[in-house]
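Only one structure is covered here, and it is reproduced in the block below.
Residue numbers (this note's numbering): 13 to 100.
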């Protein structure tokens, strides 16, 4: 989070807030890379993140566990379909 609590740091390329700091080497430089940050969405590498107002676009990361479970059928995760529980 930035110094201004109303803003979030984001990728200057795609504007998403899913960024992370790359690890630094012991001498203070960046280990095996020349940039300080990377975006988890578009993989853009950069030194200084942009700032923007927080937003919730309602979207779910399609690769998240929640999204994969939402798309799965009961059989995909080892459950019986509704109405076929075997209890008579």
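All C-beta atoms in this analysis are idealised placements derived from N, C-alpha and C, irrespective of residue type, glycine included.
- Taking C-beta separations shorter than 7 Å and ignoring five residues to either side along the sequence, the partners of residue 51 in its chain run 23, 25, 26, 28, 30 and 31, following chain order.
- One thing to note: residue 81 has its Cβ within 9 Å of the Cβ of residue 89.
- Scanning the segment 52 to 89 for uninterrupted beta strand (DSSP E) segments of 3 residues or longer gives 62 to 64, listed from N- to C-terminal end.
- Separation of residue 86 and residue 74 (C-alpha to C-alpha, rounded to the nearest whole angstrom) is 19 Å.
- Listed in chain order, the non-local C-beta contacts of residue 66 below 6 Å within the same chain comprise 20, local neighbours out to five positions each way being set aside.
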